[in-house]
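Visitor: There's a structure below that I have some questions on.
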Amino acid sequence: MSQGLRCFIVLVLVSMPNVVFAHSENGVAIDFKGGFTHPIFGPDHVIAMVAVGLWGAFLGMPAIWLLPVVFPLVMAFAGALGVLGVPLPGVEIGIAVSAIALGTMVALAAKPPLWVAAVLVGAFAVFHGHAHGTELPIGADAVAFSMGFVIATGMLHLAGITFGALSRWPAGRIAVRTAGGIIAVIGFVYLGRSL
Amino acid sequence: MRGLVLAALIAGLLMATSPAWAHAPIMGIGGVFGGVLHALLIPEHGMSLVALGVFLGRQQSATRRWEVMTFAVALTCGLVLIALVGEAAFAADCLLAATAVLGLLIATNWTPPLLGWLLAAVIGLALALDSPPEVGSTEEAVRMLIGSGLGAAIALALLAESAVWFRGTGPLIATRVLGSWITAIAILVLSLRIATRWATG
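Each protein sequence line maps, in turn, to chains A and B.
Numbering (the numbering used here) for the first sequence: 1084 to 1278.
Numbering (the numbering used here) for the second sequence: 130 to 330.
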């Protein structure tokens, strides 16, 4: 093979590869997968959302589905504020406190009135939503990203509800309450870091 | 040698090209059928139709059918408008806002018929105004518009009639969760679009 032909082949191959977007400008992939993995790769968010599901399962009907309905609604409103650049102080502290409070509720098997639980979950969703909103990549494939994001959040709640369903049995109840305690402890760790 | 470099560059650039899709990729399908698919495969439009279908499925039978008719009339008016005037820039935002309200109504299980009429009209109009046919010839554009109208109207009628069966406790909870997700998605998409518009001037 002549040197010229080899050079030609090398140049063709070099100019062929597609661009690989590992991240967007803000460090987040901008499609459905990026949206889906966004809440999952934030452990502080994960434990709080699982705790919502656990608590809902512990409280029974209608909290089991009402809390996971309240959370994404409030989270999206707060997320919009974050996307639009409206500041909210103490977001990281709020997220850590949400894990502590929700984990403690599960650990203590607390059963407040439904509206109290809904208000508490809604209030904490503000911090989670705002944090996600400020991290969302501008210029993303908005529909695919948002769908992935919201579905992943719902799946985390569902994971919590599924695990929380173990509380029907005495041993399962201990396991669920222990999980709540662990979530609260992890929340304290995040609180220490954020202070 | 320079000729080879130039040939390599041209070959490389030609191979590196990717198609530009304004909307969902429906390669090689045009006309009425392309319009039908256009109406069904755009995620925002699909989400709006599902939300409106679920909402209408909770209405009384007669009210539901009149609201589907309202949607069809508004859709037709929108398609005529887009054929005469062109795409309306605010239509996509309007569609998302109306979808967010619908999701909220589904999540709260509140189905006021009057709001149903209004939202059916707004979504019909906004959906049509957000469906510009991306083809060169006028005849093809008209065929696609007719297809878009037919696709959206038939899809909504089917969804609304199917949603009637989702009235038991389990399905009701599932649709309420779905409603909250639809609202959350619509709000996030709307805010991302507004922020992108601000960022790009």
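Built from N, CA and C at the ideal position, the CB exists for glycine as well.
Taking 8 Å as the threshold (C-beta atoms), are isoleucine 235 of chain B and threonine 363 of chain B in contact?
Guide: Lying before the first or after the last residue shown, residue 363 of chain B is absent from chain B, which here runs from 130 to 330.
Visitor: Would you kindly work out how many angstroms separate the C-alpha atoms of leucine 1070 of chain A and proline 262 of chain B, rounded to a whole number?
Guide: The requested residue 1070 of chain A is not part of the displayed model; chain A covers only 1084 to 1278.
Visitor: Exposed or buried, glycine 1244 of chain A, counting other C-beta atoms within 10 Å across all chains shown (16 or more means buried)?
Guide: Note on residue identity: the sequence assigns isoleucine, not glycine, to residue 1244 of chain A. Buried, because 16 or more other Cβ atoms sit within 10 Å of the Cβ of isoleucine 1244 of chain A.
Visitor: Return the first residue and the last residue of the alpha helix (DSSP H) that lysine 1194 of chain A is part of.
Guide: Note, lysine 1194 of chain A: premise wrong, no alpha helix (DSSP H); not H, not E.
Visitor: Could you name the residues of the segment 157-179 of chain B whose beta carbon sits closer than 7 Å to any beta carbon of chain A, in the order they occur along the chain?
Guide: If the cut-off is 7 Å between Cβ atoms, the segment 157-179 of chain B has Pro172 and Glu173 near chain A.
Visitor: Which value, in whole angstroms, describes the spacing of the CA atoms of alanine 217 of chain B and leucine 256 of chain B?
Guide: Roughly 10 Å separates the two Cα atoms.
Visitor: Within a Cβ cutoff of 6 Å, which residues of the same chain sit near glycine 253 of chain B, ignoring the five residues on either side of it in sequence?
Guide: Excluding sequence neighbours, glycine 253 of chain B sits near Phe200, Ala203 and Leu204.
Visitor: Which term fits phenylalanine 1124 of chain A, buried or exposed, when burial requires 16 or more other beta carbons within 10 angstroms of its beta carbon?
Guide: It is exposed - the Cβ of phenylalanine 1124 of chain A has fewer than 16 other Cβ atoms within 10 Å.
Visitor: I want to see whether chain B comes within less than 8 Å of proline 1155 of chain A, judged by CB atoms only; does it?
Guide: Yes, because at least one Cβ of chain B sits closer than 8 Å to the Cβ of proline 1155 of chain A.
Visitor: At a cut of 8 Å, does the segment 1172-1183 of chain A reach the segment 1227-1243 of chain A through at least three beta carbon pairs?
Guide: No contact exists between the segment 1172-1183 of chain A and the segment 1227-1243 of chain A.
Visitor: Roughly how many angstroms separate the alpha carbons of glycine 1110 of chain A and alanine 286 of chain B, rounded to a whole number?
Guide: Interpretation of glycine 1110 of chain A is limited by its pLDDT of 48, a score under 50 that renders its predicted location unreliable; the figure taken from the coordinates is listed afterwards. Their Cα atoms are separated by approximately 42 Å.
Visitor: What separation, rounded to the nearest whole angstrom, lies between the Cα atoms of serine 266 of chain B and alanine 1140 of chain A?
Guide: So the alpha carbons of these two residues sit roughly 58 Å apart.
Visitor: Counting only the same chain and skipping the five closest in sequence on each side, list residues whose C-beta sits under 8 Å from that of serine 277 of chain B.
Guide: Cβ neighbours of serine 277 of chain B beyond the five flanking positions: Gly164, Val165, His167, Ala168, Leu208, Ala257, Ser260 and Pro262.
Visitor: Determine whether the Cβ of proline 1151 of chain A lies closer than 8 Å to any Cβ atom of chain B.
Guide: So, interface residue.
Visitor: Can you tell me whether phenylalanine 1154 of chain A is buried or exposed, with buried defined as 16 or more other CB within 10 angstroms of its CB?
Guide: Answer is buried; the Cβ neighbour count reaches 16.
Visitor: Within the present structure, is the beta-carbon of glycine 1255 of chain A separated from the nearest heavy atom of the ligand PLP by less than 7 Å?
Guide: Absence of the ligand PLP is noted for the structure shown, with no ligands found whatsoever.
Visitor: For tryptophan 310 of chain B, count neighbouring C-beta atoms within 10 Å of its own C-beta (all shown protein chains included) and say buried if the count is 16 or more, exposed if not.
Guide: The residue in question, tryptophan 310 of chain B, is buried, as its Cβ has 16 or more Cβ neighbours within 10 Å.
Visitor: Helix, strand or coil: which one does DSSP assign to aspartate 1224 of chain A?
Guide: Of the three classes helix, strand and coil, the one that applies to aspartate 1224 of chain A here is coil, per DSSP.
Visitor: With respect to the alpha helix (DSSP H) encompassing threonine 329 of chain B, which residues constitute its N-terminal and C-terminal limits?
Guide: First-last of the alpha helix (DSSP H) with threonine 329 of chain B: 298-329.
Visitor: Taking the alpha-carbon of tryptophan 1148 of chain A as reference, which of A/Ala1201, A/Ala1225 and A/Ile1257 has the nearest alpha-carbon?
Guide: Cα-wise, what sits closest to tryptophan 1148 of chain A is A/Ala1201.
Visitor: With burial defined as no fewer than 16 other Cβ atoms inside 10 Å of the residue's Cβ, what is the status of alanine 328 of chain B: buried or exposed?
Guide: Result: exposed.
Visitor: Could you pull out every residue in the same chain whose Cβ sits closer than 6 Å to the Cβ of glutamate 1175 of chain A, ignoring the five residues on either side in sequence?
Guide: Ser1277, listed in sequence order.
Visitor: Can you tell me which of B/Gly308, B/Ala221, B/Leu178 and B/Ala324 puts its alpha carbon nearest to the alpha carbon of asparagine 238 of chain B?
Guide: If we check each option's Cα against that of asparagine 238 of chain B, B/Gly308 comes out closest.
Visitor: DSSP three-state call for alanine 191 of chain B: helix, strand or coil?
Guide: Alanine 191 of chain B falls in the helix class under three-state DSSP.
Visitor: Looking only at its chain, what residues have a beta carbon closer than 6 Å to the beta carbon of aspartate 1127 of chain A, apart from the 5 residues adjacent to it on each side?
Guide: Taken in chain order, the residues that qualify are Ile1178 and Tyr1273.
Visitor: Roughly how many whole angstroms lie between the Cα atoms of alanine 1161 of chain A and glycine 1205 of chain A?
Guide: Using only the alpha carbons, I get a separation of about 10 Å.
Visitor: Between the segment 229-249 of chain B and chain A, which residues of the former have a C-beta closer than 8 Å to a C-beta of the latter?
Guide: From the segment 229-249 of chain B, only Leu233 and Ala236 have a Cβ closer than 8 Å to chain A.
Visitor: Is there at least one Cβ from chain A nearer than 8 Å to isoleucine 314 of chain B's Cβ?
Guide: It does; some Cβ of chain A falls within 8 Å.
Visitor: Going by C-alpha to C-alpha distance, which of A/Gly1168, A/Arg1251 and A/Ala1242 sits closest to proline 1151 of chain A?
Guide: Of the candidates A/Gly1168, A/Arg1251 and A/Ala1242, the one whose C-alpha sits nearest the C-alpha of proline 1151 of chain A is A/Ala1242.
Visitor: Aspartate 1127 of chain A by DSSP, collapsed to three states: which one?
Guide: Three-state DSSP puts aspartate 1127 of chain A in a helix.
Visitor: With contact counted as at least three CB pairs below 8 Å, one residue from each stretch, are the segment 292-299 of chain B and the segment 210-229 of chain B in contact?
Guide: No, the segment 292-299 of chain B is not in contact with the segment 210-229 of chain B.
Visitor: Between A/Gly1143, A/Thr1120, A/Pro1122 and A/Pro1170, which has its C-alpha nearest serine 1063 of chain A's C-alpha?
Guide: This structure cannot speak to residue 1063 of chain A, because chain A is shown only from 1084 to 1278.
Visitor: Name, please, each residue of chain B whose Cβ falls closer than 7 Å to the Cβ of leucine 1167 of chain A.
Guide: Result: Ser320, Ile323 and Ala324.
Visitor: Closer than 7 Å by beta-carbon distance: list the chain B residues that pair up with phenylalanine 1119 of chain A, in chain order.
Guide: Ordered by position in chain B, no residue passes the 7 Å Cβ test against phenylalanine 1119 of chain A, which lies about 13 Å from the chain.
Visitor: Short of 7 Å in beta carbon distance, which residues of its chain neighbour cysteine 223 of chain B, apart from the five on each side in sequence? Order them along the chain.
Guide: Here the set comprises Val251 and Ala255.
Visitor: Output, in chain order, the set of chain B residues within a Cβ distance shorter than 7 Å of valine 1226 of chain A.
Guide: Residues of chain B passing the Cβ test: Pro172, Glu173 and Val318.
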